[in-house]
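Single-structure report; data block below.
Numbering (the numbering used here), first residue to last: 146 to 462.
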């Protein structure tokens with residue numbers, strides 16, 4: 146619209162200039178002393194612009210009024226699309242992903258009847274601590290409970306095809322400075338028949354343990370049968386009284402490959418994989434909390450997934 150209007154003004158101006166030039170010449174012939182050549186040009190040009198611009202504006206408004214209903218319908222359609230259709234598409238996409246994940250979720254919990262008498266559980270059996278607290282108010286007294294191992298097993302043991310992923314949130318507060326290789330918490334895999342024969346699963350099973358490492362607290366991998374012992378990560382640089390730490394670790398058991406892995410949730414990388422996880426007896430997940438006189442420790446099961454039916458080799462969740 147602007148380009149057309151400008152061309153129209155240019156044409157009108159040229160026409161008016163020609164007219165004015167003719168008029169000026171005639172005036173000069175009658176009386177040369179009168180100098181009024183430029184005045185009519187400015188006045189007439191101004192008049193033409195005032196008559197032209199409102200006309201174009203009026204045309205636009207007339208067209209807008211004529212098509213007002215169509216324009217409003219189009220705008221409403223766009224708004225409805227943005228407000229209704231797009232969120233529905235996004236929700237369908239996200240819900241599909243969630244549905245896929247929900248299909249593999251299972252509720253891993255600590256087995257109450259196996260829990261040692263000096264270990265405390267939450268009401269829903271998902272939190273375990275080495276001392277009484279608001280989160281772990283329940284001591285256990287059961288004829289099948291462990292007498293030696295300071296912990297419990299998971300309420301579901303493993304099969305030859307199990308592929309299970311779970312996450313643990315751990316926390317500890319040191320009450321007295323640690324010495325030697327005092328244990329804090331442990332997550333392992335071991336023969337169900339041998340678990341309660343030792344204070345520490347790493348002596349016969351496959352263990353990832355948080356423990357004192359000289360002047361710091363660290364995560365280690367251990368399998369005594371094959372002389373495997375490896376420091377994986379420092380969890381707190383101090384082991385003195387008053388030290389508080391918490392964190393999150395992922396674990397993946399792949400019995401198709403006889404592997405047990407620990408995953409650093411800070412970097413989403415596998416820290417270490419224990420191999421040749423094989424036993425003539427049934428294997429179970431094992432959880433321990435230690436040394437209540439030196440520290441207060443706690444573990445909570447956050448998530449657990451059963452990927453047994455998926456044809457996968459390994460998982461980083």
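For every residue, glycine included, the Cβ atom is placed at its ideal position computed from N, Cα and C.
Terminal residues of the beta strand (DSSP E) in which residue i lies
i           : result
residue 454 : No beta strand (DSSP E) contains residue 454, which DSSP labels as neither H nor E.
residue 303 : Run containing residue 303: none; DSSP gives neither H nor E here.
residue 335 : 328 to 336
residue 439 : Looking at the DSSP string, residue 439 is not in any beta strand (DSSP E), and its letter there is neither H nor E.
residue 417 : 414 to 419
residue 379 : 373 to 381
residue 263 : It is not in any beta strand (DSSP E) - residue 263 carries neither H nor E in the DSSP assignment.
residue 386 : Run containing residue 386: none; DSSP gives neither H nor E here.
residue 256 : Residue 256 -> no beta strand (DSSP E), and no H or E assigned at all.
residue 355 : 351 to 358
Opposing strand residues paired with residue i [DSSP bridges]
i           : result
residue 308 : 399
residue 296 : 433
residue 274 : 265, 443
residue 366 : 353, 375
residue 407 : 396, 417
residue 220 : Its beta-bridge partners do not exist; DSSP assigns none.
residue 316 : 391, 443
residue 361 : 358
residue 283 : 266
residue 249 : Paired residue(s): none; residue 249 is not in a bridge.
residue 448 : 312
residue 323 : Beta-bridge pairing links residue 323 to no other residue.
Member of the options whose CA lies at the smallest distance from the CA of residue i
i           : options            : result
residue 455 : 308, 292, 336, 302 : 308
residue 323 : 450, 338, 440, 452 : 440
residue 264 : 293, 248, 251      : 293
residue 136 : 334, 367, 300, 426 : Nothing can be reported for residue 136, as the shown portion of the chain is limited to 146 through 462.
residue 299 : 334, 399, 385      : 334
residue 270 : 281, 321, 413, 380 : 281
residue 434 : 318, 383, 400      : 318
residue 364 : 305, 381, 349      : 381
residue 310 : 399, 331, 283      : 399
residue 251 : 284, 328, 312      : 312
residue 436 : 303, 362, 276      : 276
residue 273 : 389, 315, 354, 378 : 315
residue 428 : 284, 349, 285      : 349
residue 306 : 414, 360, 404      : 404
residue 410 : 395, 220, 289, 453 : 395
residue 426 : 304, 268, 278, 284 : 304
residue 375 : 388, 320, 416, 408 : 416
residue 278 : 262, 339, 442, 414 : 442
residue 393 : 260, 259, 330      : 330
residue 337 : 328, 451, 431      : 431
residue 321 : 408, 452, 406, 388 : 388
residue 262 : 287, 268, 248, 249 : 287
residue 283 : 289, 266, 290      : 266
residue 390 : 362, 451, 438, 339 : 362
residue 301 : 412, 353, 259, 248 : 259
residue 386 : 268, 377, 360      : 360
residue 328 : 340, 220, 355, 339 : 355
residue 358 : 340, 351, 377, 352 : 377
residue 402 : 379, 408, 453      : 453
residue 290 : 340, 332, 413      : 340
residue 332 : 406, 248, 383, 384 : 406
residue 451 : 438, 397, 412      : 397
residue 353 : 384, 408, 383      : 408
Residue i beta carbon near the ligand FMN (any heavy atom closer than 6 Å)
i           : result
residue 295 : Within the structure as shown, the ligand FMN is missing, as the structure has no ligands at all.
* Is the number of C-beta pairs between the stretch 437 to 449 and the stretch 250 to 259 that are closer than 8 Å three or more? -> In short, these stretches touch, since the Cβ pair count reaches three.
* **Contact between the stretch 355 to 375 and the stretch 414 to 423 (3+ Cβ pairs under 8 Å)** => Yes, the stretch 355 to 375 is in contact with the stretch 414 to 423.
* To do: Tell me, please, whether the stretch 289 to 305 touches the stretch 331 to 344 by the rule of three or more beta-carbon pairs shorter than 8 Å.
  => Touching, yes.
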